[in-house]
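Asks: Here's a structure for you.
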Amino acid sequence: MAFFTHHVCRGLSTSAARHVVIKHVMIIGGGQMGAGVAQVAASTGHSVTLVDTSDDILKKAVKGIEGSLKRVVKKKFADKPEAGEEFVQKVLQNVSTSTDAGSAAQGADLVLEAIVENLKIKQDLFSGLDKLAPAHTIFASNTSSLPISDIASSTNRLDRFGGLHFFNPVPMMKLVEVIGTSATSQETFDSLLNFSKMLGKTPVSCKDTPGFIVNRLLVPYIVEAIRLHERGHGSKEDIDIAMKLGAGYPMGPFELSDYVGLDTMKFIMDGWNEKDPDNPLFAPSEMVNKLVAEGKYGKKTGEGFYKYK
Numbered sequence: 383m384a385f386f387t388h389h390v391c392r393g394l395s396t397s398a399a400r401h402v403v404i405k406h407v408m409i410i411g412g413g414q415m416g417a418g419v420a421q422v423a424a425s426t427g428h429s430v431t432l433v434d435t436s437d438d439i440l441k442k443a444v445k446g447i448e449g450s451l452k453r454v455v456k457k458k459f460a461d462k463p464e465a466g467e468e469f470v471q472k473v474l475q476n477v478s479t480s481t482d483a484g485s486a487a488q489g490a491d492l493v494l495e496a497i498v499e500n501l502k503i504k505q506d507l508f509s510g511l512d513k514l515a516p517a518h519t520i521f522a523s524n525t526s527s528l529p530i531s532d533i534a535s536s537t538n539r540l541d542r543f544g545g546l547h548f549f550n551p552v553p554m555m556k557l558v559e560v561i562g563t564s565a566t567s568q569e570t571f572d573s574l575l576n577f578s579k580m581l582g583k584t585p586v587s588c589k590d591t592p593g594f595i596v597n598r599l600l601v602p603y604i605v606e607a608i609r610l611h612e613r614g615h616g617s618k619e620d621i622d623i624a625m626k627l628g629a630g631y632p633m634g635p636f637e638l639s640d641y642v643g644l645d646t647m648k649f650i651m652d653g654w655n656e657k658d659p660d661n662p663l664f665a666p667s668e669m670v671n672k673l674v675a676e677g678k679y680g681k682k683t684g685e686g687f688y689k690y691k
């Protein structure tokens, strides 16, 4: 990704970073996840620089943040519209945008990546930023399925690299999975935990294992529900109703698959299957493969297991 337009090299300390109080946050990726984290961080008084490859993407992201904030205001400031507008403007003042990641990284305490789930692209991004960011800067990825250690391996700051896995929609979801590798320093891990708490989130500590906690349990559950349907042991409608009314889930597994995106589901399962082909939980689903091949990814394309048009 062509983020680097300035080439400024800095000497990097290889010693463990001291505890870093994260005030200035650089978020790479103006999509739904990146914009969501930007909104929450800016709302809690952090200085945020949102970075992407074009001004058009960034303008759309900021517009989305403003719209989301106005929805928050309708609930929290229902009787005080002027205070609500003041809140929106104050939060937006904490957000700046840039197409130059190298320049933006030079003032960041934390660089958080929320881009495409492609290992090489993430590695190339962090490799370049590693030469530009200050020695104290912590790097983190919002990946939901790739090993943090594999992403971090492209840098010389293994002790200052971790994972911050937010959940969609970020302003609504309270959980953050904080992931440490075998090389992540305790100081870095504590900084990421404290940052998550400052955002008003509830962090849980995770090891750098496939899917961390939530997806490691959730994705095989969803795929097993699909296999149940493939075997003719239940319709997708009945399985969804059963899990909602019997287990208290807000969405059934087929509804959730369509919400997450079947292409994303397939990407995660294919990656895990490649690393552990003998694990039956990670075996591919013919039904998912067929729907993805037909371009039926779920809600975002108008059709997946269900139709949304």
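Here my numbering = 1-based position in the sequence shown + 382.
All C-beta atoms, glycine included, are put in the ideal place defined by N, C-alpha and C.
What span of residues does the alpha helix (DSSP H) with valine 552 cover, start to end?
Replies: Premise fails: valine 552 is in no alpha helix (DSSP H) and is neither H nor E.
Asks: Between His518, Glu656, Val493, Ala517, which lies nearest to phenylalanine 508 when the distance is taken from Cα to Cα?
Replies: Of His518, Glu656, Val493, Ala517, the residue nearest in Cα terms is Val493.
Asks: Please go through the same chain and pick out, in chain order, the residues whose beta-carbon is closer than 7 Å to the beta-carbon of serine 397, but skip the five residues on each side of it.
Replies: Residue placement at serine 397 cannot be trusted, given a pLDDT of 40 that sits under 50; what the coordinates show is reported in the next sentence. The answer is none, since no qualifying residue turns up.
Asks: Glutamate 495 bridges to which residues according to DSSP?
Replies: Glutamate 495 pairs with Ile410, Ser523.
Asks: Can you list the beta strand (DSSP E) stretches of 3 or more residues lying completely in the stretch 419-451, in chain order?
Replies: Runs of the beta strand (DSSP E) inside the stretch 419-451: 429-433.
Asks: Could you tell me whether the Cβ atoms of glycine 562 and phenylalanine 571 are closer together than 8 Å?
Replies: Cβ atoms of glycine 562 and phenylalanine 571: closer than 8 Å.
Asks: Check whether the stretch 518-529 and the stretch 644-657 are in contact - that is, three or more C-beta pairs closer than 8 Å.
Replies: Verdict: yes, contact present.
Asks: Pick helix, strand or coil for glutamate 685, following the three-state DSSP scheme.
Replies: Three-state result, glutamate 685: strand.
Asks: Quick one: what's got a C-beta closer than 7 Å to glycine 686's C-beta in the same chain, skipping five residues either side?
Replies: Cβ neighbours of glycine 686 beyond the five flanking positions: Ser639, Asp640, Leu644, Leu673, Lys678, Tyr679, Gly680.
Asks: Is it buried or exposed, histidine 428, if we count other Cβ atoms within 10 angstroms and call 16 or more buried?
Replies: Classification of histidine 428: buried, given that the 10 Å Cβ count is 16 or more.
Asks: Using 8 Å as the Cβ pair cut-off and three pairs as the minimum, do the stretch 630-637 and the stretch 495-505 touch?
Replies: Cβ pair count under 8 Å is below three, so no.
Asks: Can you tell which of Ile533, Glu606, Ile604 has the C-alpha that lies nearest to the C-alpha of asparagine 524?
Replies: Comparing Cα-Cα distances from asparagine 524 to each of Ile533, Glu606, Ile604, the minimum goes to Ile533.
Asks: What residue ranges within the stretch 585-670 form continuous alpha helix (DSSP H) runs of no fewer than 4 residues, ordered along the chain?
Replies: Runs found: 596-612, 618-629, 635-642, 644-657.
Asks: How is serine 478 classed by DSSP in three states: helix, strand or coil?
Replies: Correct three-state label for serine 478: strand.
Asks: Keeping to the same chain, check which residues put their C-beta closer than 8 Å to that of alanine 443; ignore five residues upstream and five downstream.
Replies: Gly412, Gly413, Gly416, Ala417, Ala420, Leu432, Asp434, Thr479, listed in sequence order.
Asks: How would you label glycine 449, buried or exposed, when you count the other beta carbons within 10 angstroms and need 16 or more for buried?
Replies: Exposed, because fewer than 16 other Cβ atoms sit within 10 Å of the Cβ of glycine 449.
Asks: Excluding five sequence neighbours on each side, which residues of the same chain lie with their C-beta closer than 6 Å to the C-beta of isoleucine 650?
Replies: So the list reads Ser527, Val601, once near-sequence residues are dropped.
Asks: Going straight from the alpha carbon of valine 498 to that of leucine 440, what length do you get?
Replies: Their Cα atoms are separated by approximately 16 Å.
Asks: As a quick exercise: from Asp620, Arg598, Val430, pick the residue whose alpha carbon is nearest that of glycine 489.
Replies: When each option's Cα is compared against that of glycine 489, the closest is Val430.
Asks: For valine 455, which residues in the same chain have their Cβ closer than 7 Å to its Cβ, ignoring the five residues on either side in sequence?
Replies: Result list for valine 455: Gly466, Phe469, Val470, in chain order.
Asks: Who are the near neighbours of valine 407 in its chain, counting only those whose CB is closer than 6 Å to its CB and skipping five residues on each side?
Replies: Answer for valine 407: Ala423, His428, Val430, Leu492, listed in chain order.
Asks: Grab me the residues of lysine 618's own chain with a C-beta within less than 6 Å of its C-beta, minus the 5 sequence neighbours each way, in chain order.
Replies: Only His611, Phe636, Phe687 meet the Cβ criterion.
Asks: Which of the three DSSP states is assigned to glutamate 559 in this structure?
Replies: Glutamate 559: strand per DSSP, three-state reduction.
Asks: Just curious, the alpha helix (DSSP H) that alanine 486 is in, first and last residue?
Replies: Unbroken alpha helix (DSSP H) run through alanine 486: 483-487.
Asks: Output the distance between the C-alpha atoms of glycine 484 and isoleucine 410, rounded to the nearest integer angstrom.
Replies: Whole-angstrom Cα-Cα distance: 11 Å.
Asks: In the DSSP assignment, find the alpha helix (DSSP H) that holds lysine 504 and state where it starts and stops.
Replies: Its alpha helix (DSSP H) spans residues 501-512.
Asks: Is DSSP giving phenylalanine 543 helix, strand or coil here?
Replies: Residue state, collapsed to three classes: strand.
Asks: Using a 10 Å radius around the Cβ and a threshold of 16 neighbouring Cβ atoms, would you call alanine 486 buried or exposed?
Replies: It is buried - the Cβ of alanine 486 has at least 16 other Cβ atoms within 10 Å.
Asks: Looking at leucine 583: is its Cβ nearer than 8 Å to the Cβ of valine 558?
Replies: The sequence shown places lysine at residue 583, rather than the leucine named in the question. Yes, they are a contact pair.
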